[in-house]
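Colleague: My structure is below; once you've seen it, I'll send some questions.
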Ligand code: PGA
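Residue numbers (the working numbering): -1 to 248.
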């Protein structure tokens, strides 16, 4: 079985560098004892360099990066800068970026830039609401189609997808594991219409209110290739329990 990928999205946490170092150490302790799981953390930009020094088995990702590569763009952070600080992954198109104005076209540019730069893009997709007409499926198809425009088969193999229903992010309840399973299959099937059979190998992660109580069922019933975890990635004990579920999967 392929390794499961567990990505911790720290968002705007913790509030100090000391806190970030402690958290990174806690995560690294988990990563150093596991065999069937790959761990990635996405800290806020200012912590990335310092945190890197505490990591051996945990990979580093960024939560975002600029479309601009250099020049007069005050306040932006270029992907090349992040790479030189040790990142190998990046989230792209997280819903909290989309609500700040990031469009599908911006996301498409970022996916292409990430792939050109050797960064593994974790493309975040997800509907804001569900209804019985199934319009959410159209939303997912549109997000995927635009994000992947112009990406050939060889590059596509490096892409990860994080399916995060926006209504579950930051809330108390995750999506039902059977519904997660259905969405993972739907996404892979849709991708296979563009990329053929190899799309079934794409890593599709689930994110949105994952915790130590629901993670086991999400792995077993949801049949996910990994998880994108917000709040619980800030709690090493909880994260450790979640990772253990992944390690025990047959
Ligand atoms: P949550 O966040 O686990 O705190 O719901 C997930 C995410 O936004 O990636």
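Glycine included, C-beta positions come from ideal geometry on N, C-alpha and C. Remember, it's a predicted structure, so these values are computed and weren't measured experimentally.
Using the DSSP secondary-structure output, state which residues sit across from residue 36 in a beta bridge.
Modeller: Residue 36 pairs with 3.
Colleague: When burial is assigned at 16 or more other CB atoms within 10 Å of the CB, is residue 237 buried or exposed?
Modeller: buried
Colleague: If you compare alpha carbons, which of 189, 240 and 118 is closest to residue 138?
Modeller: 189
Colleague: Check residue 146 in the structure and name its three-state DSSP category.
Modeller: coil
Colleague: What separation, rounded to the nearest whole angstrom, lies between the Cα atoms of residue 71 and residue 44?
Modeller: 18 Å
Colleague: What ranges does the beta strand (DSSP E) occupy inside the segment 123 to 185, keeping only unbroken runs of at least 3 residues that lie completely in it?
Modeller: Runs found: 158 to 161.
Colleague: According to the Cβ coordinates, are residue 29 and residue 1 closer than 8 Å?
Modeller: no
Colleague: Return the bridge partner residues of residue 119 from the DSSP annotation.
Modeller: 88
Colleague: Return yes when the C-beta of residue 201 is under 7 Å from any heavy atom of the ligand PGA, and no when it is not.
Modeller: Residue 201 Cβ: outside cutoff for every heavy atom of the ligand PGA.
Colleague: Run the proximity test for residue 205: is its beta-carbon closer than 7 Å to any non-hydrogen atom belonging to the ligand PGA?
Modeller: Yes - the ligand PGA has a heavy atom lying nearer than 7 Å to the Cβ of residue 205.
Colleague: Using 8 Å as the cut-off, can you tell me whether the segment 89 to 100 makes contact with the segment 155 to 175, which would need three or more C-beta pairs spanning the two stretches below that distance?
Modeller: yes
Colleague: Say the cut is 7 Å; is the CB of residue 239 nearer than that to a heavy atom of the ligand PGA?
Modeller: no
Colleague: Per DSSP, which residues does residue 238 bridge with? Please list them.
Modeller: Answer is none; residue 238 lacks a bridge partner.
Colleague: Compute every distance between the C-beta of residue 230 and the non-hydrogen atoms of the ligand PGA, then say whether any falls below 7 Å.
Modeller: Yes.
Colleague: Run through the DSSP bridge pairs and tell me what residue 201 is partnered with.
Modeller: 158
Colleague: Quick one: what's got a C-beta closer than 8 Å to residue 245's C-beta in the same chain, skipping five residues either side?
Modeller: 32, 33, 34 and 35
Colleague: Consult DSSP for residue 226 and reduce its assignment to one of helix, strand or coil.
Modeller: strand
Colleague: Spell out the partners DSSP gives residue 58 in its beta bridges.
Modeller: 39
Colleague: Is there at least one non-hydrogen atom of the ligand PGA closer than 7 Å to the beta-carbon of residue 168?
Modeller: The ligand PGA has a heavy atom closer than 7 Å to the beta-carbon of residue 168.
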